[in-house]
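Participant:
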Amino acid sequence: MPPSFYPELQSGVLLCIDDDEDVLECEKSFLESFGYTVLTAASGSKGLQLASMYSFDVVIVDYTMPEMNGQEVATEIRRLKPGAPIIMLSATADVPEQTLQLVDAFIAKDRLASQLLPAIAQLNGGWVPPPSFDA
Numbered sequence: 064m065p066p067s068f069y070p071e072l073q074s075g076v077l078l079c080i081d082d083d084e085d086v087l088e089c090e091k092s093f094l095e096s097f098g099y100t101v102l103t104a105a106s107g108s109k110g111l112q113l114a115s116m117y118s119f120d121v122v123i124v125d126y127t128m129p130e131m132n133g134q135e136v137a138t139e140i141r142r143l144k145p146g147a148p149i150i151m152l153s154a155t156a157d158v159p160e161q162t163l164q165l166v167d168a169f170i171a172k173d174r175l176a177s178q179l180l181p182a183i184a185q186l187n188g189g190w191v192p193p194p195s196f197d198a
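To get this note's numbering, take the position in the sequence shown, counting from 1, and add 63.
#1: Assuming L102 and V86 make a contact with CB atoms under 8 Å, what is their CB distance in whole Å?
#2: Return the Cβ separation of M151 and A137 in integer angstroms, given the expectation that the two are a contact with Cβ distance under 8 Å.
#3: Any idea which residues DSSP pairs C79 with across the strands?
#4: Between L179, Q185 and G188, which has its C-alpha nearest C79's C-alpha?
#5: Closer than 6 Å by C-beta to L111: which residues in its own chain qualify, once you throw out the five before and the five after it? Chain order, please.
#6: Is Q134 buried or exposed, if buried means 16 or more other CB atoms sit within 10 Å of its CB?
#7: A182 by DSSP, collapsed to three states: which one?
#8: Please classify G107 as buried or exposed, where buried requires at least 16 neighbouring CB atoms within 10 angstroms.
The following block contains the structure:
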């Protein structure tokens, strides 16, 4: 969808954390096409390092990662920046309830294309549907 469908998505800094670098690159390209600045990290520890160094509007983190999973990353993000909105992604539906309680939104990776932009917009100032052309 071109940026004009989501005029409120023209600014903001997103921190994307995923151990799959192909997924990270796709997320980055997709989100930058809507005007976002995207910081990427291929591990939880690198993501936390970026979170401590830079300001961001929304964190997007994968649940299943080696070394440090998404729950551990979300817990640390909450400690570093308590009010930061966090979106968790996962290819699996088996995400523990305690993990889901740490985040502001959960998106299954097979629904990323349709749900990511509305979730970001909602957490980053409120999503408003595109105007109707019926008028």
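Positions of the beta carbon are idealized from the N, C-alpha and C atoms, including for glycine.
Facilitator: Looking at the coordinates:
#1: Residue mapping note: residue 102 aligns to position 39 of the sequence shown, counting from 1. Residue mapping note: residue 86 aligns to position 23 of the sequence shown, counting from 1. With 8 Å as the limit, L102 and V86 do not qualify as a contact, their Cβ atoms being about 15 Å apart.
#2: If you number the sequence shown from 1, residue 151 lands on position 88. If you number the sequence shown from 1, residue 137 lands on position 74. About 7 Å separates the two Cβ atoms, so the contact holds.
#3: Position 16 of the sequence shown, counting from 1, holds the residue named residue 79. In the DSSP output, where bridge partners are listed per residue, C79 has T103 and I123.
#4: Against the sequence shown, residue 79 aligns to sequence position 16. The residue with the shortest Cα to Cα distance from C79 is L179.
#5: Indexing the sequence shown from 1 puts residue 111 at position 48. Counting only Cβ-Cβ distances below 6 Å, and skipping sequence neighbours, we find E139.
#6: Within the sequence shown, numbered from 1, the residue matching residue 134 stands at position 71. Buried, since its Cβ has 16 or more Cβ neighbours within 10 Å.
#7: Reading the sequence shown from its first residue, position 119 is the one you call residue 182. In the structure shown, A182 sits in a helix (DSSP, three-state: H, G or I).
#8: Numbered from its first residue, the sequence shown carries residue 107 at position 44. Buried.
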